[in-house]
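By full-length UniProt numbering, the letter at position 133 of the sequence shown is numbered 139, and the numbering carries on one by one without gaps.
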Amino acid sequence: SVAITLKQVQKTFSDGTLALKPLDLHIEKGEILVLLGPSGCGKTTTLRLIAGLEFCDQGGQILFGERDVTNVAIEQRRVGMVFQSYALFPNMNVSENIAYGLRVRGESKELKEKKVQEMLELFDLEPYAHRGIDQLSGGQRQRVALARAIITEPEVLLLDEPLSALDALLKKRLRTDINALLKRLGITAVYVTHDQEEAMAMGDRIAILDRGEIAQIGTAEEVYLSPKSEFVANFIGQMNHFDGLLNGQALSFRSNFIPLPETLYSTYKEGERIRCMTRPEDVRLTSFEDATLKGAVSHSVFLGDRTRVLVSVEGVKELVHVDCFERKRYSKGDRVGLVIPPLCLVLLPNLGSEE
Ligand code: ADP
Ligand code: MG
């Protein structure tokens, strides 16, 4: 496998659409990088550029290791690809589909049989070797597509929402399987998804794309715990927002004060408008009397592993979303206190209007 480097890679389509703004990206040898973002943000375009199915605008450069592949055709790039639609050949059986890449290369019958057998075993497809594609389930088809993509031992594997057509349970199992397989084979992979949980489970790092730009890149922990923008904070997980002013070592928010740790407030000026955010699972409910931040329950939903409680504060309806993990019931109108551990806060400059 090889490292992949993109330098100032930009893509303008012939109709003038700027799908990708100049992008710099380095993917380590053997790394799984996830591209995450909403529909239309440029994930597939990035993947197609790396594959050689599209070419970037003048001035951009794509390297596989030291090798400049910017203008190299897909056949000479040694990439494997897996798509959401499996794109299997309906007129070939499972073994023939898997063998396809070796056949095109004109490999010997012995080598083909040996490698196909390895793939059938690896993907638990042995019983289905001679079945037609239309006699397979979605999960089996996806495994055939994966086997077909890796049998040629590509230097780079590109996966474009490979699991999005599958049901939730199968998705979870396959993402674990795929991750383990890629790690075992040491393949450098770029994995596209719009599913944040899949992104976190799959990627060594996640690049979050917003309208053709990388909004943030980092490990799952980095992007989840220290989002650098509103977009990232709200795309990966959910956030509560408190807009207020920096007042001493706290955020003054309406008539409340939310204490802030020095590491956070020290980069802001006294009186500056800031937005303070925290995840629902980080907020704790306590008794109304003891708390400095007080509210009233407006709604509560039992979700099995937790209860989501929506709390109104100072007349702001359902301002705070709280995930409670203890089996306690809350009813509409219950008066509750809110505790927010300072280290679970994320601060951003508040550039928007005051609510
Ligand atoms: P994603 O995979 O994240 O959903 P895409 O990479 O497919 O996004 O698309 C990014 C942007 O480029 C979108 O605005 C899309 O409409 C546009 N786009 C994609 N392919 C083409 C094309 N062949 N011609 C013109 N615009 C395109
Ligand atoms: Mg896409």
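For every residue, glycine included, the Cβ atom is placed at its ideal position computed from N, Cα and C.
(message) Using only CA atoms, which one of GLU161, MET206, ALA153, ASP166 lies nearest to LYS178?
(response) MET206
(request) Out of LEU353, ILE220, LEU191, state which residue places its alpha-carbon closest to the alpha-carbon of ASN246. (result) LEU353
(message) Please state the DSSP three-state secondary structure of LEU252.
(response) strand
(message) Given a cut-off of 9 Å on the beta-carbon distance, is the pair PHE248 and ALA221 in contact?
(response) no
(request) Return helix, strand or coil for ASP288, following the three-state DSSP convention. (result) helix
(message) Can you check which of these residues, GLN90, LEU351, ASP210, ILE280, is closest to PHE259 by C-alpha distance?
(response) ILE280
(message) When you compare the CB positions of residue 406 and LYS334, do they come within less than 9 Å of one another, or not?
(response) Outside the displayed span of the chain (7 to 361) sits residue 406, for which this structure offers no information.
(request) Give me whichever residues DSSP pairs with ARG281 in a beta bridge. (result) ASP249, LEU354
(message) Check whether the region 14-31 and the region 62-74 touch, using three or more Cβ-Cβ pairs below 8 Å as the test.
(response) yes
(request) With DSSP as the reference, please indicate the residues paired to VAL326 in a beta bridge. (result) VAL317
(message) Using the Cβ count rule (16 or more neighbours within 10 Å means buried), how would you classify PRO160?
(response) buried
(request) May I ask which residues mark the beginning and end of the alpha helix (DSSP H) holding MET206? (result) 202-208
(message) So for SER101, helix, strand or coil by DSSP?
(response) helix
(request) Specify which residues have a beta carbon nearer than 6 Å to any heavy atom of the ligand ADP, listing them in chain order. (result) PHE19, ASP21, THR23, ALA25, GLY43, SER45, GLY46, CYS47, GLY48, LYS49, THR50, THR51
(message) Checking 9 Å against the spacing of the C-beta atoms, do THR158 and LEU191 come in under that value?
(response) no
(request) Give me the Cα-Cα distance between THR52 and GLU287, rounded to the nearest whole angstrom. (result) 34 Å
(message) As a quick exercise: from SER91, LEU344, ARG54, pick the residue whose alpha carbon is nearest that of ASP329.
(response) LEU344
(request) Let me know the beta strand (DSSP E) ranges lying completely inside the region 79-131, each 3 residues or longer, listed in chain order. (result) 85-89
(message) Taking 9 Å as the threshold (C-beta atoms), are GLY218 and LEU26 in contact?
(response) yes
(message) Quick check on DSSP: helix, strand or coil for VAL75?
(response) coil
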